[in-house]
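A short worksheet on the structure shown next.
Numbering (my numbering), first residue to last: 1 to 198.
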């Protein structure tokens, strides 16, 4: 967990000059949020066309936008619940669009296994977010598990840039690890809530 946090902190520090530059240009954090969503839609389009490396590049831009919007909000002291709500909502749409693009790509190429992996990974990805949101709605924290959105994006970006074979391997990884993470969260929250209060 510590090393994971240190990686995220290093990534944020490296992107901070860009965030400050955008703030100086009067770019609003929500514009970056919407921009990231648009990049994800473009990425989905390239996945459908079969240009997986170009899709990976636009997915990288979407991921960078997703990091920078929060940094910009903190730099301008404009962190709001409305912005966080918009960000998390568009994140779900973005992820759904990318998986849709992947599903169409594999359907067009006649790969039933590819379509199945996409659907399994999609369900696992959404379950990870749902379990956390449901737990927090019941007053419990739930941040356990490895395959959160940044890690899922990283797998898709790296594997897409490496080409079709690596992308298929990445989807297999996601299909497995997203459900392991979701089940881990379910077990964690359930056992925590079942413990007698002191």
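We treat Cβ as the ideally placed atom computed from N, Cα and C, and that holds for glycine.
Note that this is a predicted model, so its numbers are computed, not measured.
Point to revise | Rounded C-alpha distance that separates residue 138 from residue 148 | key: In the chain shown, the residue the question calls residue 138 occupies position 138. In the chain shown, the residue the question calls residue 148 occupies position 148. Approximately 20 Å between the Cα atoms of the pair.
Point to revise | Between the CA atoms of residue 23 and residue 241 - distance to the nearest angstrom | key: No answer is possible for residue 241: it lies beyond the span of the chain, which begins at 1 and ends at 198.
Review point. Looking at C-beta atoms only, is the number of pairs between the segment 64-74 and the segment 100-116 that lie closer than 8 Å three or more?
Key: no
Point to revise | Simplified DSSP assignment, three categories, for residue 13 | key: Indexing the chain shown from 1 puts residue 13 at position 13. Residue state, collapsed to three classes: helix.
Review point. Can the beta-carbon of residue 171 be found less than 8 Å from the beta-carbon of residue 117?
Key: On the chain shown, position 171 is the one that residue 171 refers to. On the chain shown, position 117 is the one that residue 117 refers to. Cβ distance < 8 Å, so residue 171 and residue 117 count as in contact.
Practice item. Flag this pair as yes or no: are the beta carbons of residue 124 and residue 52 separated by less than 8 Å? Key: For this step, residue 124 is matched to residue 124 along the chain shown. For this step, residue 52 is matched to residue 52 along the chain shown. Taking 8 Å as the Cβ cut-off, residue 124 and residue 52 do not qualify as a contacting pair.
Review point. Does DSSP put residue 159 in a helix, in a strand, or in coil?
Key: Taking the chain shown and counting its residues from 1, one reaches residue 159 at position 159. Three-state result, residue 159: helix.
Practice item. Provide the residue span of the alpha helix (DSSP H) that contains residue 50, from first to last. Key: One-based indexing of the chain shown puts residue 50 at position 50. Residue 50 -> no alpha helix (DSSP H), and no H or E assigned at all.
Check your understanding: When you compare each of 92, 184, 21 to residue 143 by their alpha carbons, which one comes out closest?
Key -> Mapped onto the chain shown, residue 143 falls at position 143. Ranking the options by Cα distance to residue 143, first place goes to 184.
Review point. Going along the chain, which residues of its own chain have a beta-carbon closer than 6 Å to the beta-carbon of residue 115, five neighbours each way excluded?
Key: If you number the chain shown from 1, residue 115 lands on position 115. 103, 106, 107, listed in sequence order.
**Study point:** Cα-Cα separation between residue 48 and residue 98, rounded to whole angstroms
**Key:** Looking up residue 48 in the chain shown gives position 48. Looking up residue 98 in the chain shown gives position 98. One C-alpha to the other measures close to 9 Å.
Practice item. Leaving out five residues on either side along the sequence, give the residues of the same chain with a beta carbon under 8 Å from the beta carbon of residue 92. Key: As a first step, residue 92 is located in the chain shown; it is residue number 92 there, counting from the start. Within the same chain, residue 92 has close Cβ partners 126, 129.
Exercise for review: Would you kindly report the start and end of the unbroken alpha helix (DSSP H) that includes residue 137?
Suggested key: Counting from one through the chain shown, the residue named residue 137 turns up at place 137. From DSSP, the alpha helix (DSSP H) with residue 137 extends over 112-137.
Review point. Can you name, in chain order, every residue of its own chain whose Cβ lies under 7 Å from the Cβ of residue 20, other than the five neighbours on each side?
Key: The count along the chain shown starts at 1 and reaches residue 20 at position 20. Hits under 7 Å: 75.
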